[in-house]
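Everything below concerns the one structure shown next.
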RNA sequence: GGUGGCGUAGCCAAGCGGUUAGGCAACGGUUUGCAAAACCGUCAUACGGUGGUUCGAAUCCACUCGCCACCUCCA
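In the working numbering, the protein residues as written are -5 to 571.
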């Protein structure tokens, strides 16, 4: 049996490369995280989910993964922004509702993001990792590191201060600038679409520190006024010589935060850096330039032998970029009317999108709500290197797929039954053992091939087809369940709550002997398992009397209340929708 | 204008030189009082177009048509 090795497409070299971490057995990974000045949209989540799948695949390959995803909370909110708080703009609206404290706005949206991320089962927000600030660094908490890095760039001659008190990175000092994105910057018409700041020595130069009195978030590099005490102390610690006196109070530029935070929490050289394709230029290009300038790294070699390249110390050894998600074949944008946040889909009514709720309801989503696990599946169902065209059809298909996985899982659970010792002496057939082995390997091979999730899913469904066609004993079901659990380590789309069960024929007989409930399914009371059993017995009585009309009415009534009833050989299966 | 990518049966989506991808939908059958689920079968001798290379091409080459993204804050 050959074990496949993990291969990833490195955007920097544009080649599929065998993945080897710097340190054997351990992987450091940084993902450009959300900007918390509005609700994260499904495009954001596609990117975060691709990073999530990558992290899980790394873990499957036996690596201990340290995954950091930042929170960009250095908003670029200005007083103008607040003054202009009219219309639909959520940021402005939120700011007005929350007051003009940008920290509060950021906090509000960060909380919302964490909620969504948990619902979508981003592993970095599950369990103990959720509360580890080291794994979720906030930009506003790392101004000292950023200033220290800026200071270092000044000292090493990679940056300069202009009369306004702002600091720019000098791109001319870094000849490799543009290599990641493949942009020949010289040939681009500088400033063709953006006004060139005349203070810049070179139009390509980018800001490390900005000065703008209108901005609501400000830091004074020369005084502890307005600083969090701990942070100011930390800054002095990081830059003992103090910051260049000509730098004026302001806020960090757009690119410095990721360089500073990844270094702070993962060290100088990281294994993998992920982000959306748009991050390549200029964001990641600038990160490389800054880290090179500040820390004197070698840059990744251009298309050299992979081993030679990997041996070098660089800022990030592998760069992975997720391609954009489109909606209706267009880039998602509010003005196009094809913009969805994750919560718009998960609960459109609460998000104030009644039209969307109606559309989803019509497509078969109860209450117009898309289950988070369905959304998760949809967003990971094609390979991250491909543009994804999102739409209601995709969600419908994802829903059906998740249900198929879920049903297979539930069938196995029913066969195994409660309280079964999973180490039962009885052994599964060779056929089942081979099946598990075969599809687990296919699954891994697909994922190790640059996270080819469609192929991985093909393996899952082939396995389910075979498992469903087999008559299973307990030991076999245990084995099959192990396979499903294994798939779900990466997919994580199985709802493990007890949401279905079997009422056996004997149990129904026993229940029939007791007084039956009145046929009133319109009541508002919560349906508990006893109530469900009562109605199932009531229906059974009707069926026995050949009153199928009444029996079906009870089934429909239960369905209306979210409980599905299916007749199976052993009795009646109930299932919460 | 510069750069990158994509066009595969009704829809989504693998494959990247030679044996069934897979899913969804639809239709037929088994099962069921009826459903649902599950299973069996059909749609599937599909690869934007035109040339070329090859014993053999969805896969390589040339040209061509259409779509998308990046070059600006953006996942």
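A virtual CB, placed ideally from N, CA and C, is assigned to each residue, including glycine.
Keep in mind the model is a prediction, meaning the values are calculated, not measured.
- Selection 276, 248, 247 and 281 evaluated against residue 263 yields 281 as nearest (Cα-Cα).
- No Cβ-Cβ contact shorter than 7 Å links residue 548 with residue 570.
- According to the DSSP assignment, residue 504 belongs to the alpha helix (DSSP H) that extends over 499 to 506.
- With the rule of 3 Cβ pairs closer than 8 Å, the stretch 466 to 474 counts as touching the stretch 419 to 429.
- In this structure the stretch 398 to 415 does not lie against the stretch 132 to 146, because fewer than three pairs of beta carbons, one per stretch, are closer than 8 Å.
- Every alpha helix (DSSP H) of 4 residues or more that sits fully in the stretch 123 to 184 is shown, in chain order, as 137 to 149.
- In the structure shown, residue 347 adopts coil according to DSSP, grouped into three states.
- Here DSSP, grouped into helix, strand and coil, assigns residue 249 to coil.
- In the structure shown, residue 285 falls within a helical segment according to DSSP collapsed to helix, strand and coil.
- Runs of the alpha helix (DSSP H) lying entirely within the stretch 420 to 508 and spanning at least 4 residues, in chain order: 424 to 442, 447 to 463, 468 to 485 and 499 to 506.
- Here the stretch 4 to 24 makes contact with the stretch 261 to 277; the two share three or more CB pairs at distances below 8 Å.
- Comparing alpha-carbon positions, the option among 153, 366 and 364 lying closest to residue 286 turns out to be 153.
- Put simply, the stretch 367 to 382 touches the stretch 106 to 119. At least three CB pairs are less than 8 Å apart.
- In this structure, the CA atom of residue 289 is about 58 Å from the CA atom of residue 412.
- Bounds of the alpha helix (DSSP H) holding residue 407 are 386 to 410.
- In this structure residue 163 touches residue 202 by the C-beta definition: roughly 6 Å separates them, less than 8 Å.
- Residue environment: residue 344 is assigned as exposed (fewer than 16 neighbouring CB atoms within 10 Å of its CB, all protein chains considered).
- In this structure, the beta-carbon distance from residue 44 to residue 316 falls below 7 Å.
- Beta-carbon to beta-carbon, residue 124 and residue 67 are separated by about 17 Å, too far to satisfy the 8 Å threshold.
- Here the stretch 49 to 63 does not lie against the stretch 95 to 109, with fewer than 3 beta-carbon pairs under 8 Å apart.
- Around the beta-carbon of residue 562, fewer than 16 other beta-carbon atoms lie within 10 Å, marking it exposed.
- Using a Cβ-Cβ distance cut-off of 8 Å, the stretch 313 to 327 and the stretch 375 to 387 are in contact, since at least three pairs of beta carbons, one from each stretch, lie closer than that value.
- Beyond the five residues adjoining it in sequence on each side, residue 498 comes within less than 6 Å, by CB distance, of 564 and 565 in the same chain, given in chain order.
- When beta bridges are read from the DSSP output, residue 33 appears opposite no residue.
- Taking the CA atoms as reference points, residue 453 sits about 43 Å from residue 505.
- Under the three-state reduction of DSSP output, residue 266 falls in the strand class.
- Taken atom to atom, the span from the alpha-carbon of residue 436 to that of residue 339 is near 32 Å.
- Under a 10 Å Cβ-count criterion, residue 130 is classified as buried, with 16 or more other Cβ atoms of the shown protein chains found around its own Cβ.
- In the displayed model, residue 513 falls within coil according to three-state DSSP, outside both helix and strand.
- In its chain, beyond the 5 residues on either side, 570 and 571 have a beta carbon closer than 7 Å to the beta carbon of residue 556.
- Distance check between residue 283 and each of 431, 147, 52 and 56 places 147 closest, using alpha-carbon atoms only.
- In the structure shown, residue 523 falls within a helical segment according to DSSP collapsed to helix, strand and coil.
- The C-alpha of residue 450 is placed about 20 Å away from the C-alpha of residue 384.
- DSSP places residue 18 outside both helix and strand once states are collapsed to three, so it counts as coil.
- Counting other Cβ atoms within 10 Å of its Cβ, residue 404 reaches 16 or more and is therefore classed as buried.
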